[in-house]
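Residue numbers (the working numbering), protein chains in the order written: chain A, 84 to 209; chain B, 1247 to 1376; chain C, 7 to 290. Even glycine gets a Cβ: it sits at the ideal position worked out from N, Cα and C. Keep in mind the model is a prediction, meaning the values are calculated, not measured.
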């Protein structure tokens, strides 16, 4: 799914909510991953200059979950360690989005460097 | 998709009910609309009903905190009502505890809180004037 | 016939009825024949299994994780789950699969009667594949059993942490036993839900029955208190024993203005006061 405008952030939330419901995630788990998606989608649109979200149902052995991947070709993050510090902002709250999404997910992966864009993957298991 | 969130006037208070999916621009418009409305009507309180929100992220949390802060400067108290349990748990997990924002369980209690706050304000003012 | 094709799969793909019949005979005489499953049900299970195995495209490698074998894996998971729910043992469930060996070996012996080396090889491959399928079934069975057990635990949890209405607007949650992450989450959710449902202003969490409070437990309690505040209600923690008070201070846990009382009675008294109630005894 393309993430370019604010409307896309809403569409992303709705898509994740639907997928989480279909996967029969508990209500709190649903809310957590939808909120994480909202944060990351916003990051992608506002800081990453637009990008994509991929959504897939994953299985590992006999457990199932929802995996979201947000990728953009934006400026990238120079200091990953600093970015993941609570409360770090690059002007308008990029840091909180990342740490927030990490707290709300079971798995979190961040891949970014200046000039290389950013790629964030989060997973919520059932 | 809504263009603007409706603001209802209830006596000296303003009632705002936030429905479903709110996009960022809508949140910003709401802040503007509310502040101008408070000023124009001299409202003493704002009741922000979020019982229909099934998700509150950092942007919306900030909006709520902003509304509360700006309203207070303009002389109005804000009470947020109807936060869903799943939303509360998620916010706590995010570490966003909205300090300084008043909360109530439902609209009824929220209104009571606003009236009490208003009465207290009035009392204080009366004392000042004596 | 491709070089990498598994012979057993090839035989089954051809839709041979003989193997099915032989296998059903095996099953009838083995331990998995049980009054709980009717003969027709067993037959349909066996038929479906053979069909899916034939269509799976599993190769000589015996790798069962391919996309083509997905329907087969799903079938085995469903089968295991239903057996688990019905109360079968994992042994009985696996025997269903393993008993396929003899019919297969008999057929292989016929097909490759003139080639001893080939027969040995194919028998080995078929045996390996059946073993893998049997193991997969057992693992799926264990998983189902675990899910059933944890669901029963959750039910018991519901029963053992009842939220009680002490007064109009006052709920109490007496916690008993150890608090772990999963349990606290369940408890938190149900308490918050009850607060909304009953429109209660104050929730009293009583930890008299909780033996130890470590940093993790304290954090969970704090999260619960904060969540309750966000919803517009208040939370009082009662049953804080002297040892716990000491632990909290020693661990440097900041209770951040959380109201605590030593006993549930004190908590109720405070709650009533906060709600504006006055308890009085009429003069005799």
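Neighbourhood of residue i by C-beta, 8 Å cutoff - its chain only, sequence neighbours within 5 removed
| i | result |
| --- | --- |
| residue 91(C) | 150, 154 |
| residue 112(A) | 103, 207, 209 |
| residue 184(C) | 216, 217, 218 |
| residue 239(C) | 201, 206, 207, 208, 209 |
| residue 283(C) | 173 |
Option in the options with minimal Cα separation from residue i
| i | options | result |
| --- | --- | --- |
| residue 74(C) | 216(C), 61(C), 209(C) | 61(C) |
| residue 147(C) | 103(C), 132(C), 111(C) | 103(C) |
| residue 1259(B) | 1286(B), 1335(B), 1346(B) | 1286(B) |
| residue 111(C) | 99(C), 125(C), 101(C) | 125(C) |
| residue 160(C) | 186(C), 175(C), 137(C), 172(C) | 186(C) |
| residue 47(C) | 196(C), 11(C), 30(C) | 30(C) |
| residue 1361(B) | 1313(B), 1257(B), 1253(B), 1250(B) | 1257(B) |
| residue 109(A) | 1339(B), 1332(B), 1355(B) | 1332(B) |
| residue 174(C) | 65(C), 43(C), 89(C), 278(C) | 278(C) |
| residue 23(C) | 72(C), 50(C), 42(C), 156(C) | 50(C) |
| residue 89(C) | 127(C), 72(C), 117(C), 43(C) | 43(C) |
| residue 129(C) | 167(C), 14(C), 168(C) | 14(C) |
| residue 191(C) | 1334(B), 1270(B), 1351(B), 1368(B) | 1334(B) |
| residue 131(C) | 189(C), 231(C), 66(C), 248(C) | 66(C) |
| residue 1300(B) | 1373(B), 1337(B), 1277(B) | 1337(B) |
| residue 167(C) | 182(C), 156(C), 157(C), 158(C) | 182(C) |
Pair within 8 Å by beta-carbon distance, residue i and residue j
| i | j | result |
| --- | --- | --- |
| residue 264(C) | residue 222(C) | no |
| residue 159(A) | residue 201(A) | yes |
| residue 224(C) | residue 193(C) | no |
| residue 128(A) | residue 163(A) | no |
| residue 17(C) | residue 115(C) | no |
| residue 141(A) | residue 117(A) | no |
| residue 176(C) | residue 274(C) | yes |
| residue 52(C) | residue 26(C) | yes |
| residue 125(A) | residue 180(A) | yes |
| residue 1339(B) | residue 185(A) | no |
| residue 241(C) | residue 213(C) | no |
| residue 1306(B) | residue 1353(B) | no |
Same chain, Cβ closer than 6 Å to residue i, neighbours up to 5 away in sequence not counted
| i | result |
| --- | --- |
| residue 189(A) | 206, 207, 208 |
| residue 154(A) | 134, 135, 202 |
| residue 1349(B) | 1326 |
| residue 1288(B) | none |
| residue 38(C) | Below a pLDDT of 50, predicted positions are generally treated as unreliable, and residue 38(C), at 49, falls in that range; the measurement from the model is reported next regardless. For residue 38(C), where only same-chain residues beyond five positions count, the Cβ hits under 6 Å are 98, 101, 102. |
| residue 1261(B) | 1254, 1293 |
Exposed unless 16 or more other CB atoms sit within 10 angstroms - verdict on residue i
| i | result |
| --- | --- |
| residue 245(C) | buried |
| residue 84(A) | exposed |
| residue 119(C) | exposed |
| residue 182(A) | buried |
| residue 209(C) | buried |
| residue 198(C) | buried |
| residue 1323(B) | buried |
| residue 174(A) | For residue 174(A), the predicted model reports a pLDDT of 42, less than 50, meaning its position is unreliable; a value from the coordinates is still stated below. Exposed, since its Cβ has fewer than 16 Cβ neighbours within 10 Å. |
| residue 121(C) | exposed |
| residue 205(C) | exposed |
| residue 1317(B) | buried |
| residue 285(C) | exposed |
| residue 180(C) | buried |
| residue 260(C) | exposed |
| residue 256(C) | exposed |
| residue 220(C) | exposed |
| residue 97(C) | exposed |
| residue 195(C) | buried |
| residue 162(C) | exposed |
| residue 79(C) | buried |
| residue 1372(B) | exposed |
| residue 20(C) | exposed |
Cutoff 7 Å; reference residue i; Cβ partners in own chain excluding five residues on either side
| i | result |
| --- | --- |
| residue 108(C) | 32 |
| residue 138(C) | 68, 70 |
| residue 289(C) | none |
| residue 1311(B) | 1344, 1347 |
| residue 121(A) | 92, 96 |
| residue 1320(B) | 1281, 1284, 1285 |
Check: residue i C-beta below 7 Å from any heavy atom of the ligand MN
| i | result |
| --- | --- |
| residue 282(C) | As presented, the structure is devoid of all ligands, the ligand MN included, so that no description of it is given. |
Residues in the region 228-255 of chain C having any Cβ partner in chain B nearer than 7 Å: Within the region 228-255 of chain C, the qualifying residues are 229, 232, 233, 235, 236, 237, 238, 239.
Give me the subset of the region 86-114 of chain A whose CB atoms are less than 7 Å from a CB atom of chain C, sorted by chain position. Result list: 111.
Of the residues that make up the region 189-209 of chain A, which ones have a beta carbon closer than 9 Å to any beta carbon in chain B? Those would be none; no residue qualifies.
Contact list for the region 127-147 of chain C against chain A, Cβ threshold 9 Å: For the region 127-147 of chain C, residues whose beta-carbon sits nearer than 9 Å to a beta-carbon of chain A comprise 145, 146.
Determine which residues of the region 203-218 of chain C have a Cβ less than 7 Å from any Cβ of chain A, and write them out in chain order. Within the region 203-218 of chain C, no residue qualifies.
At a CB distance below 8 Å, what residues from the region 125-145 of chain A approach chain B? Give them in sequence order. For chain B, the residues of the region 125-145 of chain A that bring a beta carbon within less than 8 Å of one of its beta carbons are 125, in chain order.
Closer than 7 Å between beta carbons: that is the criterion. Which residues of the region 172-203 of chain C meet it against chain B? Here the close residues are 194, 195, 198, 199, 202.
At a Cβ cut of 9 Å, what residues of the region 1324-1354 of chain B count as close to chain A, listed as they run along the chain? Cβ contacts with chain A: 1330, 1331, 1332, 1333, 1335, 1336, 1337, 1339, 1340, 1341, 1342.
Output, in sequence order along the chain, the residues in the region 1301-1316 of chain B whose CB is closer than 7 Å to any CB in chain A. For the region 1301-1316 of chain B, which is checked against every Cβ of chain A, the residues closer than 7 Å are 1301, 1303, 1304, 1305.
Below 7 Å between beta carbons is the criterion; list the residues of the region 1270-1281 of chain B that meet it against any residue of chain A, in chain order. Of all residues in the region 1270-1281 of chain B, 1270, 1271 have a Cβ within less than 7 Å of some Cβ in chain A.
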